[in-house]
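Numbering (UniProt numbering), first residue to last: 1 to 347.
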């Protein structure tokens, strides 16, 4: 069968007086074919280009399953791209982004006015609640430096005062110093009564205030009903949930497993170093890890450990964290069969 263009060439060359044999030789077809189209007079239907299979097609089922397993939450295209690259995908992140965009409507982010702080000045702190069940709760302590946007995350099973203080001590070790101010919402473990002694003169929890005095930072509170006053850490909260927590839980779910605090901390500390710290931050367009190097000289020096924490039981993850700062990944492991299931679910 000849194309529409070839059919038109046959008609034109015949009109020019060329013989059937000459036309056949020039077009590389048989004389009978030339004769057929001259006698028939019906042009062949136009054939469009054959659409090539997208590089992402072999991974479409996997991507759809990952998105479905994460619902109603969402896994970013950057995470899915890294996952299928590990499985042999050699296409671009844009290709994956275009594919997964078809799986949900694009949301328009709300415009925000952000206020920048100088290096070493402010840290914003918040809790993320992932599970609240008797004997099976899971929360995350999140601290974000205002200048560099570098963050520290630690998963815990409660939000009591001793846990909050231990997480603070760990985050100061992680950052390599102490900022001058720390911003909070109305945490009961931080403040007892707002404006108790006048405007912006709050009655802080005595144990927390003593800890702040020891480390040399001034606790401050967000303006009432203005949660976005600490928008830097809240933006990080959303990034943690979308880019770390949801993908990890979805992978464990496919293996029939549930995320526990030990696994969460092993994974999140690796994720902070390998992903969060080296990304281009959405606001600053700079890498938080690189900016932390710039900010660190402006942080206050670390004091001796807080005495009350030495006397009390620090959460297990906090104890293990100290060794991990020295050697990065400590030998915190589940049975090998658990990791086999996790890898099988990701394959």
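Quick reminder that beta carbons are idealized off the backbone N, C-alpha and C, glycines included.
Task: Cβ shell of residue 122 (< 7 Å), same chain only, five flanking positions each side left out - done: By one-based count along the chain shown, residue 122 stands at place 122. 146, 179, 181, 183, listed in sequence order.
Open item on the list: Can you determine whether any heavy atom of the ligand ATP sits closer than 7 Å to the C-beta of residue 20, and answer yes or no?
Closed with: Annotation note on the ligand ATP: not contained in the displayed structure, which lists no ligands.
Task: Presumed contact (8 Å Cβ cut-off) between residue 177 and residue 272, rounded CB distance - done: In the chain shown, the residue the question calls residue 177 occupies position 177. In the chain shown, the residue the question calls residue 272 occupies position 272. Your pair residue 177 and residue 272 does not check out as a contact, with CB atoms roughly 17 Å apart and the cut at 8 Å.
- [ ] Please name the residue or residues paired with residue 204 in a DSSP beta bridge.
- [x] The residue labelled residue 204 in the question sits at position 204 within the chain shown. Per DSSP, 191.
Open item on the list: Residues in the same chain with beta-carbon distance under 7 Å from residue 289, minus the five sequence neighbours each way, listed in chain order, please.
Closed with: Stepping through the chain shown from its first residue, residue 289 is reached at position 289. Here the set comprises 150, 277, 278.
TODO: Within the same chain, show all residues whose beta-carbon is closer than 7 Å to that of residue 119, passing over the 5 residues directly before and after it, in chain order.
DONE: For the purposes of this step, residue 119 is taken as the residue at position 119 of the chain shown. So the qualifying residues of the chain are 147, 294, 295, 298.
Open item on the list: What does the Cβ neighbour count give for residue 318, buried or exposed, with the cut at 16 atoms within 10 Å?
Closed with: Here the question's residue 318 lines up with position 318 in the chain shown. Residue placement at residue 318 is poorly supported in this model, since its pLDDT is 40, which falls under 50; the coordinates still yield a value, given next. The residue is buried, with at least 16 neighbouring Cβ atoms inside 10 Å.
Open item on the list: Considering Cα atoms alone, identify which of 56, 193, 116 is closest to residue 94.
Closed with: Counting from one through the chain shown, the residue named residue 94 turns up at place 94. The shortest CA-to-CA distance from residue 94 to any of 56, 193, 116 is the one to 56.
Open item on the list: Per DSSP, what are the beta-bridge partners of residue 173 in this structure?
Closed with: As a position in the chain shown, residue 173 is number 173, starting the count at 1. Answer is none; residue 173 lacks a bridge partner.
Task: Sequence ranges, beta strand (DSSP E) only - wholly within the UniProt domain "HTH IS21-type" (5-67), length at least 3 - done: none
TODO: Leaving out five residues on either side along the sequence, give the residues of the same chain with a beta carbon under 8 Å from the beta carbon of residue 342.
DONE: For the purposes of this step, residue 342 is taken as the residue at position 342 of the chain shown. For residue 342, the predicted model reports a pLDDT of 47, less than 50, meaning its position is unreliable and no value from the coordinates is stated.
Open item on the list: I'd like the list of long-range same chain contacts for residue 13, defined as Cβ closer than 6 Å, with 5 residues on each side in sequence excluded.
Closed with: As a working mapping, residue 13 is identified with position 13 in the chain shown. Same-chain partners within the cutoff: 23.
Task: Span of the alpha helix (DSSP H) around residue 128 - done: Looking up residue 128 in the chain shown gives position 128. Note, residue 128: premise wrong, no alpha helix (DSSP H); beta strand (DSSP E) at 122-131.
Task: residue 170 burial status per 10 Å Cβ neighbour count (16 or more: buried) - done: Numbered from its first residue, the chain shown carries residue 170 at position 170. Classification for residue 170: buried.
Task: Simplified DSSP state of residue 94, which is helix, strand or coil - done: Translated into positions along the chain shown, residue 94 becomes position 94. Correct three-state label for residue 94: helix.
TODO: Under 7 Å Cβ to Cβ from residue 37, same chain only, skipping five residues before and after it: list those, please.
DONE: To locate residue 37, count along the chain shown from 1; it is residue 37. Cβ within range, chain order: 2, 7, 10.
Open item on the list: Residues in the same chain with beta-carbon distance under 8 Å from residue 208, minus the five sequence neighbours each way, listed in chain order, please.
Closed with: Here residue 208 corresponds to residue number 208 of the chain shown, with the count starting at 1. Within the same chain, residue 208 has close Cβ partners 161, 164, 165, 189, 190, 219.
Task: Assigned exposure category for residue 80 - 16 Cβ within 10 Å defines buried - done: Your numbering for residue 80 matches position 80 in the chain shown. By the beta-carbon neighbour count (other beta carbons within 10 angstroms, threshold 16), residue 80 is buried.
Open item on the list: With a threshold of 8 Å, are at least 3 pairs of Cβ atoms found where one atom belongs to the segment 65-83 and the other to the segment 232-248?
Closed with: Touching, yes.
Task: Residues of its chain near residue 19, where Cβ-Cβ distance is below 8 Å and the 5 sequence neighbours each way are ignored - done: Your numbering for residue 19 matches position 19 in the chain shown. Within the same chain, residue 19 has no close Cβ partners at all.
Task: Pick from 124, 187, 60, 174 that is closest to residue 204, judged by C-alpha positions - done: Taking the first residue of the chain shown as 1, we reach residue 204 at position 204. Out of 124, 187, 60, 174, 187 has the C-alpha closest to the C-alpha of residue 204.
Open item on the list: Please state whether the Cβ-Cβ distance between residue 75 and residue 242 is less than 8 Å.
Closed with: The residue you call residue 75 lines up with position 75 of the chain shown. The residue you call residue 242 lines up with position 242 of the chain shown. Cβ distance < 8 Å, so residue 75 and residue 242 count as in contact.
Open item on the list: Checking 8 Å against the spacing of the C-beta atoms, do residue 144 and residue 261 come in under that value?
Closed with: Position 144 of the chain shown holds residue 144. Position 261 of the chain shown holds residue 261. No, the pair does not count as a contact, with Cβ atoms beyond the cut-off.
TODO: Would you kindly work out how many angstroms separate the C-alpha atoms of residue 72 and residue 301, rounded to a whole number?
DONE: Counting from one through the chain shown, the residue named residue 72 turns up at place 72. Counting from one through the chain shown, the residue named residue 301 turns up at place 301. C-alpha separation (whole angstroms): 43 Å.
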